[in-house]
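Each position in the sequence shown, counted from 1, maps to that position plus 38 in this note's numbering. Ideal placement from N, C-alpha and C gives every residue a C-beta, glycine not left out.
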Amino acid sequence: MKNTAKSKIAKAFKSPSEAWAGLVLRLCQKPFISDETAIKAEFRAYMGHTLDLNNPKSFNEKLQWLKLHDRNPLYTTLVDKLAVKEWVSSKIGAQYVVPTLAIWKDVDEIDLNVLPEQFVMKANHYSGYVAICRDKETFDFSYAKKRLAAMMKKNLFYYAREWPYKDVKPLVFAEEYLEPEETGSTADYKVFCFSGEPKMIQLHKGRYSNHTQDTFDPQWNHLDIRQPGYPLTDVTPAAPKQLEEMLRLSRILSAGIPHVRVDWYINRDQLKLGEMTFFDASGLCPFEKYEDDLMIGSWIDLNRAYSANGRP
């Protein structure tokens, strides 16, 4: 998750209750805690009200329900940052994925000599840290190696019970470096798809400085949908010229899935897939207006969820 659940949730809570929510989160990461118990406790701690799994209505509530009941085995492939590249290439073409430069089973195997002057290094099974090398001479490889080594020992599933991550085999890989905008990072277009249809686009800019979040409908009308900790841009961004292509490709990739977020970058006028995410912010980030949470939740048809015996 480029816009990780951890960072998004952290920005939403700047009160004494934040410590309590963090404690609940740590306790719920214990393997002996059942998925449903952990999900209910985390939701109560972060969202401030009880989770109704019998009649979920809001977007955040329905994401929790999907964690428990939408168990399509394909999702494990799609959250794997390496495996998803092959899948996407087979669906829409390899030109839409960021080329992989090298793959290692362990951080001790990393060989910088096989990499170009600029690259990005990350773990395929986890989120929260990306090593960006713009210049090998100044790149702090020791720090990057330490951070990646710590990630290799973790299973993201236990963080908020996002089950697709549980069986992803940990690997470290390097991929091509994408040129940033003036803000120091690439703009991130997050297309929220529901049963194969894009309904909402979040545009994230300035991820490392002055991070903003703007929301649009598929026709690029600016929507007054906000989440705590994410201001709007001063000037509403214009629609990218690749908008229609972005929507078309997102429809292909999200077909048959109750809800998935398809993330895109634009590099040298070419669309590049960022990732596919099934549980935005783990379903633990409120909206400033609860009616927005309900509206977006209404777009998820739980009857389309995958069951153990196939679709209902």
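Does the beta-carbon distance from residue i to residue j come in below 8 angstroms?
{"i": "Ser320", "j": "Ala140", "result": "no"}
{"i": "Glu155", "j": "Asp178", "result": "no"}
{"i": "Trp58", "j": "Ala76", "result": "no"}
{"i": "Leu241", "j": "Pro275", "result": "yes"}
{"i": "Ile130", "j": "Ile290", "result": "yes"}
{"i": "Phe230", "j": "Ile338", "result": "no"}
{"i": "Ser96", "j": "Gly335", "result": "yes"}
{"i": "Pro269", "j": "Thr250", "result": "yes"}
{"i": "Phe211", "j": "Lys160", "result": "yes"}
{"i": "Leu120", "j": "Leu209", "result": "yes"}
Measure how close the beta-carbons of residue i and residue j come, nearest whole angstrom, since I'm counting them as under 8 angstroms.
{"i": "Tyr215", "j": "Val158", "result": "5 angstroms"}
{"i": "Leu281", "j": "Tyr134", "result": "Not quite, the Cβ-Cβ distance comes to about 15 angstroms (not below 8 angstroms), so this is no contact."}
{"i": "Pro324", "j": "Gln265", "result": "7 angstroms"}
If you run the structure through DSSP and keep just helix, strand and coil, what is residue i?
{"i": "Trp58", "result": "helix"}
{"i": "Ala75", "result": "Checking the displayed sequence, the identity of residue 75 turns out to be Thr instead of Ala. Residue state, collapsed to three classes: helix."}
{"i": "Arg64", "result": "helix"}
{"i": "Leu322", "result": "coil"}
{"i": "Phe230", "result": "strand"}
{"i": "Gln265", "result": "coil"}
{"i": "Tyr215", "result": "coil"}
{"i": "Ile130", "result": "helix"}
{"i": "His107", "result": "helix"}
Could you give the distance in angstroms between the alpha-carbon of residue i and the alpha-carbon of residue j?
{"i": "Lys192", "j": "Tyr164", "result": "8 angstroms"}
{"i": "Asn259", "j": "Thr253", "result": "8 angstroms"}
{"i": "Pro137", "j": "Pro236", "result": "26 angstroms"}
{"i": "Lys100", "j": "Arg306", "result": "37 angstroms"}
{"i": "Asp331", "j": "Pro94", "result": "11 angstroms"}
{"i": "Arg299", "j": "Ala169", "result": "23 angstroms"}
{"i": "Thr221", "j": "Lys243", "result": "Confidence at Thr221 is low in this model, with a pLDDT of 46, below 50, so its placement is unreliable and the value that follows should be read with caution. C-alpha separation (whole angstroms): 7 angstroms."}
{"i": "Lys207", "j": "Val117", "result": "11 angstroms"}
Taking 7 angstroms as the cut-off, is the beta-carbon of residue i closer than that to any non-hydrogen atom of the ligand FAD?
{"i": "Thr274", "result": "Among the components modelled here there is no ligand, and therefore nothing to report on the ligand FAD."}
* At a cut of 8 angstroms, does the stretch 280-300 reach the stretch 333-345 through at least three beta carbon pairs? -> Yes: at least three Cβ pairs fall under 8 angstroms.
* Would you say the stretch 85-103 touches the stretch 316-330, given that touching needs at least three Cβ pairs under 8 angstroms? -> yes
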